[in-house]
Amino acid sequence: MPAALLITGASQLLTLRGRGPRRGNSLCNLGIIKDGALLVREGLIAAVGPRGKVEGSAEAKSAEKMDLGGRVVLPGFVDSHTHLIHAGSRAEEYELKIEGASYEEIARKGGGILNSVKKLRAATAGALKKRAHAALAQFASYGTTTIEAKSGYGLDVENELKILELHRELSGEQPLEIASTFLGAHVVPEEFRARADGAAKYVELLISTLMPEVARLELAEFCDVFCERGAFTLDQSKTILDAGRRQGLAPRIHAEQLSRTGATQLAAEIGAASCDHLEQVNKDDIRALGKSNTVATLLPGCDFHLGLKQYAQARALIDAGAIVALATDYNPGTSPTLSMPMILSLACTQLRMTPAEAIAAATINAAYALRREKRIGSLEVGKQADLAVFGVADYREIPYYFGMNTCSMTMKRGVVIHGAV
Ligand SMILES: [Zn+2]
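Residue numbering for the sequence shown follows my numbering, beginning at 289 and increasing consecutively.
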């Protein structure tokens, strides 16, 4: 049996320990241990606590040693909303937006998501994989150890399956864990748009052809829908998510990003794993999320990149008792970042979340959004030794240094996957 690993020298060890997702006042509870230590055995946490306690055991004494020299340690970030697989940037649209074109205007001119669809269909699986590998290494370099990844730039049987198969292959080829989501309902593809009943026909293709294939090949855990003006209506979203559930795919939804559609109420009603974006929610939506177990995932990177002034009402959601999570929404159109520390900075200054709340939202609550809270999201005995080490003296410095990367080491299941001490 390989020796255990004793990790000491954590000036602040943020355990995020405790039962249940963080709601309301408990969101800022990080479970900090000063001068903390961890004992890791076979990729799992065997002991965690103050150094004096952890290093005293016989196993700790014979373990391999790692001294972090006074850094801050927290659970690896869980990025619960990404569009990992895409073929290239949309920098040309970025410039158009700066010059005044709206996201929806660009979409009407064949830009936006359809632009990414064209690029993806033209790309080989090999090229897409190479790009994704580089992105995954970057995620790790910012302290992220688990991501969710959506399809949605293929929008036909061949290309949606190509993306989902890449999720599976990438899971076996690199250390980050990938939770795969089927987002065939991202937008209606070009070839269905000319006919009056095109949207209905595309929904039929999703439900009767694509989804059964995704389920049969076990290529996804979740089914997502972009419920939005110009994408899918509330009724279509419900039909798709219900069908997904019958195929064993748990629902999640893009809700109230650019317009209010009622998707939040639908998410709460059907017990969706998460309901993401939420810039346009009203009081009833906030109340519904406060009472539900559906995670409210906020994506401030989108508003920042699009230059929009209306960020989600994080404070109202937290006060109502909603389970608030944060994610990057890494994608080429609206949020081209994979830096969770940058998202924490935006959460602090734009969503008025405290640094502690932002960290809990990006770790334990995000683990709930991916239904992985029993394995990841906190540093507790029996959970995976997934951790991020930051070269700062105080955890508040992680969002404070915006646009900078202070992550000095990342560990997945007890193995260093980025940096060194
Ligand atoms: Zn998204």
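From the three backbone atoms N, C-alpha and C, an ideal C-beta is built for every residue, glycine too.
Could you pull the start and end residues of the alpha helix (DSSP H) that residue i belongs to?
i	result
residue 429	413 to 429
residue 485	No alpha helix (DSSP H) contains residue 485, which DSSP labels as neither H nor E.
residue 535	No alpha helix (DSSP H) holds residue 535; DSSP gives it neither H nor E.
residue 636	628 to 637
residue 552	551 to 558
residue 547	Per DSSP, residue 547 belongs to no alpha helix (DSSP H) and is neither H nor E.
residue 572	571 to 579
residue 404	401 to 410
residue 562	Looking at the DSSP string, residue 562 is not in any alpha helix (DSSP H); the run it does join, the beta strand (DSSP E), is 562 to 565.
residue 459	445 to 461
residue 499	499 to 504
residue 647	643 to 649
residue 494	It is not in any alpha helix (DSSP H) - residue 494 carries neither H nor E in the DSSP assignment.
residue 481	478 to 481
residue 655	652 to 657
residue 397	Unbroken run through residue 397: none, as it is neither H nor E.
residue 382	379 to 386
Using only CA atoms, which one of the options lies nearest to residue i?
i	options	result
residue 703	544, 595, 332	332
residue 522	494, 553, 501, 601	553
residue 318	705, 707, 665, 697	665
residue 618	693, 628, 609	628
residue 341	324, 518, 328	324
residue 674	474, 548, 401, 434	434
residue 376	469, 604, 347, 415	415
residue 309	352, 658, 430	658
residue 359	679, 707, 338, 689	679
residue 613	557, 626, 588, 482	588
residue 684	566, 669, 701, 633	633
residue 640	671, 677, 472, 601	601
residue 625	693, 334, 398	693
residue 404	705, 378, 483	378
residue 499	485, 535, 530, 476	535
residue 621	409, 395, 699	395
residue 398	541, 573, 518	518
residue 520	467, 501, 547	547
residue 638	610, 598, 606, 314	598
residue 581	556, 567, 575	556
residue 313	603, 681, 698, 695	603
residue 616	526, 431, 677, 497	431
residue 363	381, 706, 667	667
residue 607	311, 307, 295, 300	311
residue 381	401, 669, 528	401
residue 366	293, 610, 467, 406	467
residue 292	329, 691, 484, 527	329
residue 447	579, 321, 690, 471	471
residue 485	524, 630, 457	524
residue 474	457, 449, 497, 515	515
What first and last residue would you give for the beta strand (DSSP E) that runs through residue i?
i	result
residue 335	332 to 338
residue 591	Run containing residue 591: none in the beta strand (DSSP E); it sits in the alpha helix (DSSP H), 588 to 594.
residue 354	352 to 363
residue 704	703 to 707
residue 512	510 to 514
Using DSSP's beta-bridge definition, name the partner residues of residue i.
i	result
residue 623	619
residue 370	618
residue 438	469
residue 692	Per DSSP, none; premise fails for residue 692.
residue 302	320
residue 672	332
residue 294	327, 353
residue 699	675, 704
residue 520	515
residue 611	583
residue 527	In DSSP, residue 527 forms no bridge with anything.
residue 432	365
residue 541	513, 563
Give a yes or no on whether the minimum CB-CB distance between residue i and chain B is below 7 Å.
i	result
residue 595	Going by chain labels, chain B is absent from the structure shown, which holds only one protein chain.
Touch test, the region 368 to 385 against the region 436 to 452, Cβ-Cβ under 8 Å, three pairs minimum: yes
Between the region 413 to 427 and the region 639 to 653, can you find at least three pairs of beta-carbon atoms closer than 8 Å? no
Would the region 480 to 494 count as touching the region 458 to 466 if we require 3 or more Cβ pairs under 8 Å? no
Counting pairs of Cβ atoms below 8 Å between the region 554 to 562 and the region 590 to 607, do you hit three or more? no
Do the region 640 to 648 and the region 446 to 454 make contact, defined as three or more Cβ pairs closer than 8 Å? no
Answer yes if the region 336 to 352 comes into contact with the region 378 to 394, meaning at least three C-beta pairs across the two stretches below 8 Å, and no otherwise. Between the region 378 to 394 and the region 336 to 352, the count of Cβ pairs shorter than 8 Å is below three; the stretches do not touch.
Does the pairing of the region 479 to 486 with the region 500 to 517 give three or more beta-carbon distances under 8 Å? Judged by pairs of C-beta atoms under 8 Å, the region 479 to 486 does not touch the region 500 to 517, as fewer than three such pairs exist.
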